[in-house]
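A quick write-up on the structure given underneath.
In the numbering used here, the protein residues as written are 83 to 879.
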């Protein structure tokens with residue numbers, strides 16, 4: 083009875099936990115057995131519940147399957163090419179079109195599917211799927227294309243189907259490929275019927291021939307694809323258009339899938355943006371079995387112009403023409419390089435031999451025993467002026483003997499500091515630059531993004547890992563002519579070994595400065611070549627840095643000729659250059675109004691400081707004593723005559739200072755008014771302008787003081803001037819402009835002009851290198867007429 087009551091109790095509570103066994107009763111064992119029985123029953127009930135749930139799920143699935151089977155069967159259609167098919171479609175109907183009858187084309191041309199709809203929406207789009215035996219392509223309409231400010235939707239689309247030429251046929255060629263008829267299916271989730279029009283035809287031009295013009299039409303939803311066999315080592319694709327619609331062109335391997343939409347065209351191969359003109363060099367080793375050329379228009383022009391203004395043309399349909407031209411061969415490379423090296427070698431021989439023969443013919447040994455023979459030493463060799471430094475330098479007509487008191491050995495050691503500083507800067511500045519531009523080149527090669535570097539794509543000849551070898555190689559002139567200048571400087575130094583003679587006669591020769599100029603010319607070639615590995619606005623500072631160095635060294639050398647003791651030392655000179663480099667960096671990164679105001683203020687203050695230093699030749703310092711002295715002089719001059727206050731003490735120096743300040747103030751006003759985008763070039767213009775002003779002032783003062791300039795120096799000057807004028811002509815005919823976007827820069831691209839290898843900028847490299855070399859030769863020989871003139875007879879100006 084007790085067991086029965088327990089069983090009934092379990093049934094009523096439906097839980098084995100309700101069983102309470104009395105371990106002291108005689109029914110303890112039976113009670114425990116009943117509890118085990120209840121636990122097993124509990125597990126069976128749980129399994130039963132799971133089975134019931136599973137059966138319920140199957141019943142629901144069957145109901146859904148029956149609902150699906152209630153839809154209309156797909157509409158199967160046998161279709162022909164070039165025939166438009168129209169219809170209505172909703173979520174209960176699917177259309178399938180199978181195309182055939184591809185017998186009219188002897189050469190392989192893949193089909194092009196065009197689908198149009200008016201009623202489809204982004205919520206319930208029209209799904210388009212094209213099937214081939216081994217390929218599948220799908221997209222939806224409306225087609226959404228991202229823009230800088232949102233999205234644009236297009237309700238028509240044309241896609242060229244892909245045929246994997248690379249995997250299907252690598253030997254027979256494109257003309258042996260077999261056509262594959264496509265199957266096009268249309269579906270939608272729209273509850274209401276939407277219209278559609280589908281057409282499958284063939285592009286008029288697909289397999290491109292070289293040197294033949296082709297015309298195509300594209301839009302953001304209608305990309306265009308062509309194919310080209312790799313019959314040449316390198317070819318150049320040139321694209322022209324009258325429309326300014328931003329477009330992307332991509333060069334991809336002949337394998338599927340072909341990425342031809344805005345969101346994926348940059349996933350493979352080479353690609354670039356362009357507007358009215360584009361070009362790209364295609365090497366065979368990158369695409370050995372041929373390549374696809376894919377064009378697609380952007381939904382807005384921001385990528386090409388960086389302008390958020392709305393597009394003028396709403397339909398965004400772009401017409402363009404393209405042509406593929408064979409590039410130069412390996413023999414053309416060798417020919418251009420050998421012609422260049424031969425020309426420089428011939429210049430080495432002709433100029434070197436002529437200059438050394440001329441120097442030998444008119445050479446007078448710089449030794450003490452030859453000084454009296456030339457009759458130029460009228461003053462006593464032992465005469466020394468012991469006046470105070472300030473008294474000597476503040477004379478109305480100071481002489482070189484007043485500013486050349488230091489021994490030649492001290493001056494030579496001081497001048498060699500320029501060479502050591504240039505070498506140090508060249509090493510620590512040049513190596514990171516080379517490493518950085520090589521990294522840029524590797525990134526370009528790996529990503530294929532041609533917009534990273536601003537090349538002249540119509541005259542960019544690749545070699546090895548370099549995309550633009552010719553613009554790098556054309557800087558060889560700077561390097562070789564810099565080496566030649568070092569050789570000439572060394573030869574002249576060998577003839578100046580008599581320090582007693584140099585202490586009293588001629589202009590002190592600071593050969594360390596000349597060596598520094600030669601090294602700077604070499605480094606200009608190295609850094610200019612590094613810049614042309616990947617030209618861009620950020621990299622232009624590499625090209626201009628040693629231009630600053632050469633301009634400043636030329637100015638320092640001119641000033642040193644007549645002011646050897648008070649000339650700027652190497653540390654302060656390169657400190658100024660360091661500030662210039664920092665300003666150049668800031669000017670590139672922050673070209674704002676605030677920056678230009680600060681720069682102009684700094685520019686004017688520096689001009690004021692240098693004007694005082696030059697006018698008083700370093701005797702004036704900003705101190706209370708100097709200010710009291712100035713006040714005393716002004717008061718004394720005023721009592722002598724009011725106009726005497728305005729009369730300069732040193733007329734020649736005053737004229738030079740006024741000319742220099744007028745030029746710098748004009749440049750400062752131009753900077754404030756126009757804010758030049760190319761700050762590096764503007765800064766170089768400041769250095770070059772001041773150097774030229776002082777150079778012409780120096781020449782003028784030589785003739786005013788009855789000195790002369792030798793004919794050979796005038797020859798060097800004329801050659802340098804002619805090269806500078808010609809070089810500026812070619813420089814202004816630029817083939818790139820990194821102050822604009824990459825797409826806009828391509829509108830300046832031009833074909834090669836010399837030997838099918840060099841363009842105008844390469845010619846600028848050669849001419850500017852020659853011009854700089856002869857400029858240095860002018861400075862080297864400028865005062866040769868004073869080589870045997872005593873310091874007391876050489877005026878200071």
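Just so you know, even glycine gets a beta-carbon here, dropped at the ideal spot from N, CA and C.
Keep in mind that this is a model prediction, so the values were computed, not measured.
Rounded to whole angstroms, residue 670 and residue 304 show a C-alpha spacing of 39 Å. In the same chain as residue 170, and ignoring 5 residues on each side of it, the C-beta atoms closer than 8 Å to its own belong to 275, 276, 277, 278, in chain order. Separation of residue 649 and residue 673 (C-alpha to C-alpha, rounded to the nearest whole angstrom) is 34 Å. With three or more CB-CB distances shorter than 8 Å, the stretch 601-618 counts as touching the stretch 520-537.
Straight-line measurement puts the Cα of residue 524 at about 48 Å from the Cα of residue 693.
Residue 601 is a Cβ neighbour of residue 505, given a cutoff of 8 Å. A Cβ-Cβ distance of about 13 Å is found for the pair residue 573 and residue 591, leaving them out of contact under the 8 Å criterion. With respect to the 8 Å criterion, residue 288 and residue 262 are not classified as neighbours on the basis of their beta carbons. Under the 8 Å Cβ criterion, the stretch 406-425 counts as touching the stretch 838-845, having at least three qualifying pairs. One thing to note: residue 327 has its Cβ no nearer than 8 Å to the Cβ of residue 269. DSSP places residue 784 in the uninterrupted alpha helix (DSSP H) bounded by 761-786. Annotation for residue 620: no alpha helix (DSSP H) segment contains it, and DSSP assigns it neither H nor E.
Note on geometry: alpha-carbon atoms of residue 177 and residue 281 lie some 13 Å from one another. Going by DSSP, residue 364 is part of the beta strand (DSSP E) stretching over 359-365.
Collapsing the DSSP output to three states places residue 291 in coil.
Only residues of its own chain outside the window of five on either side were considered, and among them 315 have a CB closer than 7 Å to the CB of residue 411, listed in chain order.
Its chain contains no residue whose beta carbon lies nearer than 6 Å to that of residue 570 once the 5 sequence neighbours on both sides are disregarded. Setting aside the 5 residues that flank it on each side, residue 156 is surrounded in the same chain by 176, 178, each with a C-beta closer than 6 Å to its C-beta; the list follows chain order.
Per DSSP, the unbroken alpha helix (DSSP H) holding residue 846 starts and ends at 842-863. Secondary structure at residue 735: helix, using DSSP grouped into helix, strand and coil. The continuous alpha helix (DSSP H) containing residue 683 extends over residues 675-697. Of all C-beta pairs linking the stretch 633-643 to the stretch 766-776, three or more are shorter than 8 Å, placing the two stretches in contact. Across the set 691, 227, 784, the C-alpha of 227 shows the shortest separation from the C-alpha of residue 302. Classified as exposed, residue 502 has fewer than 16 neighbouring CB atoms from the shown chains inside 10 Å of its CB. Contact between the stretch 751-770 and the stretch 678-687 is present: three or more C-beta pairs spanning the two stretches fall below 8 Å. Under the three-state reduction of DSSP output, residue 312 falls in the coil class, being neither helix nor strand. Note that the C-beta distance between residue 336 and residue 374 is below 8 Å. A Cβ-Cβ contact shorter than 8 Å links residue 746 with residue 685. Proximity of the stretch 849-867 to the stretch 635-647 meets the contact definition, three or more beta-carbon pairs being nearer than 8 Å. Residue 269 sits in a strand when the DSSP states are folded into three classes. Put simply, of 323, 371, 732, 390 the residue whose alpha carbon is nearest the alpha carbon of residue 399 is 323.
Counting other Cβ atoms within 10 Å of its Cβ, residue 295 stays below 16 and is therefore classed as exposed.
Taking the C-beta atoms as reference points, residue 605 is found no nearer than 8 Å to residue 645. Boundaries of the alpha helix (DSSP H) harbouring residue 606: 593-615, taken from the DSSP string.
At a Cβ-Cβ threshold of 8 Å, residue 407 and residue 333 do not count as neighbours.
Under DSSP, residue 282 takes part in a beta bridge, and its partners are 195.
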